[in-house]
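Using this note's numbering, read the sequence shown as starting at 167 and increasing by one per residue.
For every residue, glycine included, the Cβ atom is placed at its ideal position computed from N, Cα and C.
Computed from a predicted model, the values in this text were never measured in an experiment.
See structure below.
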Amino acid sequence: MNSPIATLPLYDLPEARIQTDALWKGLADSFRKFGLNSEPDSMSFKVPDALFRADNCYAETVFFAQICGYPLTHEFSGRFQVIATPVYKTPFFSGAEYRSAIVVHQQCEWETLAQAEGSRAVINSKNSHSGFNILRFMVTQLTGVAHAEEKLNKAFFREVLISGGHRESLLRISQKQADVATIDCLTWSMLERYAPENLQACRILELSPPAPAPAFVTERDTSPAKLELFRKALQFACNDPVLKSVCEQLFLENVEVLEDNSYNSFLKMEKESIEDL
167 MNSPIATLPL YDLPEARIQT DALWKGLADS FRKFGLNSEP DSMSFKVPDA
217 LFRADNCYAE TVFFAQICGY PLTHEFSGRF QVIATPVYKT PFFSGAEYRS
267 AIVVHQQCEW ETLAQAEGSR AVINSKNSHS GFNILRFMVT QLTGVAHAEE
317 KLNKAFFREV LISGGHRESL LRISQKQADV ATIDCLTWSM LERYAPENLQ
367 ACRILELSPP APAPAFVTER DTSPAKLELF RKALQFACND PVLKSVCEQL
417 FLENVEVLED NSYNSFLKME KESIEDL
């Protein structure tokens, strides 16, 4: 059996790789300190020394990972167990809840998303909450369609492009190849700090309703005792003076353990949304 992996793919900017690797080193040290490397039963909980960076990372056996709430409740439903939800210190977070930014070109004169009707949207993926699910939810609210099975008389956007990533969506906006996108607000903050040139031609039109932030997860068969060790180790790491500077550089303030059904809000939002844009 392959050794389990640790992966933090959502906010792993190349420009901040040193900080992300330092964060993992601190987290791994904390996991070892709390005994997650000393279980005698199997290799399944050996703390990985380095982050795994490759496509299809969730296809591996996961020791520790971060995942968006939409694939967590869809493609990987029943696969993972939520350890905790990170709290990031940015203007776009309320505790463990985050938002998406509705982004347009700097020269765009719109004041609300409603004015984007008939324009070109770009999404990162149909498997993303921040880039797709939340946008169709907001469009549903604008159009007054009450149930997902109802159809709009016509499409809200005249064209919907798929970019493959938030950064690529921003590039489409900057180059005026698309008119509107929804961007994960932590991605926006990370780019603002580490690659501000990516945002120079863009501006935030408005913010989305909140939802639980991408979760820290492990495999579903993790025992309650080990899950509790994970949580204690995470909270210790976030409050460790040695790791504080690294956490601050990545906006990580703390973690919260949400109610078990918290991520069902993604399913509820989907149920209340039109099927597609």
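Under 9 Å between the Cβ atoms of residue i and residue j?
i: G235; j: A381; result: yes
i: E226; j: Y360; result: no
i: S169; j: K199; result: no
i: L443; j: R333; result: no
i: D195; j: T186; result: no
i: F230; j: V383; result: yes
i: A267; j: F259; result: no
i: A280; j: V270; result: no
i: L327; j: R286; result: yes
i: E385; j: V228; result: yes
For residue i and residue j, what's the separation of their Cα atoms in angstroms?
i: D387; j: G284; result: 47 Å
i: L250; j: F298; result: Correcting the residue identity first, residue 250 is Ala in this sequence and not Leu. Taking the straight line joining both Cα atoms gives about 24 Å.
i: L375; j: C368; result: It should be pointed out that residue 375 corresponds to Pro in this sequence rather than to Leu. Distance between the alpha carbons of P375 and C368: 20 Å.
i: A172; j: L418; result: 17 Å
i: S208; j: K392; result: With a pLDDT of 46 at S208, under the threshold of 50, the modelled position of that residue is not reliable, and no figure is offered here.
i: A347; j: F402; result: 37 Å
i: I349; j: R183; result: 21 Å
i: N430; j: L238; result: 10 Å
i: F246; j: P252; result: 16 Å
i: P175; j: V423; result: 21 Å
i: H313; j: Y254; result: For H313, the predicted structure reports a pLDDT of 45, less than 50, and the residue's modelled location is therefore unreliable. A value from the coordinates is still provided. Between H313 and Y254, the C-alpha separation is close to 33 Å.
i: K292; j: E241; result: 11 Å
i: F396; j: D215; result: 16 Å
i: S389; j: S329; result: 39 Å
i: K191; j: V412; result: 10 Å
i: G331; j: Y224; result: 17 Å
i: V408; j: I233; result: 26 Å
i: P362; j: T256; result: 16 Å
i: E358; j: A220; result: 25 Å
i: K410; j: L373; result: 29 Å
i: L308; j: F197; result: 46 Å
i: N222; j: A379; result: 21 Å
i: G201; j: N364; result: 41 Å
Taking the alpha-carbon of residue i as reference, which of the options has the nearest alpha-carbon?
i: S428; options: P407, A377, V421 and F402; result: A377
i: L336; options: F259, V288 and N430; result: V288
i: E414; options: C223, M356 and R198; result: M356
i: T306; options: P390, V269 and I440; result: I440
i: Y264; options: A282, H295, P170 and G244; result: H295
i: R324; options: N430, D345, R198 and R333; result: D345
i: Q272; options: V423, S340, A403 and Q401; result: S340
i: Q366; options: E372, P407 and W354; result: W354
i: L193; options: S243, V248, N405 and L279; result: N405
i: N203; options: G310, E436, P257 and A399; result: A399
i: D426; options: I370, G244 and C223; result: G244
i: V421; options: V248, V326, S389 and K437; result: V248
i: M435; options: D215, I300 and F322; result: I300
i: T278; options: I233, L371 and S329; result: L371
i: F322; options: G310, G331, G330 and S329; result: G310
i: K437; options: M304, K191 and T256; result: M304
i: C274; options: G201, N364 and K342; result: K342
i: N290; options: T256, P390, L308 and R338; result: R338
Mapping the DSSP letters down to three states, classify residue i as helix, strand or coil.
i: I300; result: helix
i: L327; result: strand
i: Q366; result: coil
i: A381; result: strand
i: L179; result: coil
i: L336; result: helix
i: V269; result: strand
i: N405; result: coil
i: T227; result: coil
i: P206; result: Annotation note: pLDDT 47 at P206 (below 50); position unreliable, coordinate value reported separately. In this structure, P206 counts as coil in the three-state DSSP scheme.
i: D187; result: helix
i: A314; result: Any reading at A314 must be qualified, since the residue scores a pLDDT of 46, below 50, and its modelled position is unreliable; the value itself is stated next. In this structure, A314 counts as coil in the three-state DSSP scheme.
i: L308; result: helix
i: F432; result: helix
i: F197; result: helix
i: L279; result: helix
i: Q232; result: strand
Is residue i close to chain B? Criterion is C-beta to C-beta, closer than 9 Å.
i: E394; result: Protein chain content of the structure displayed is limited to a single chain, and chain B is not contained in it.
I think residue i touches residue j, with their Cβ atoms under 8 Å apart; what is that distance to the nearest whole Å?
i: L189; j: L416; result: 6 Å
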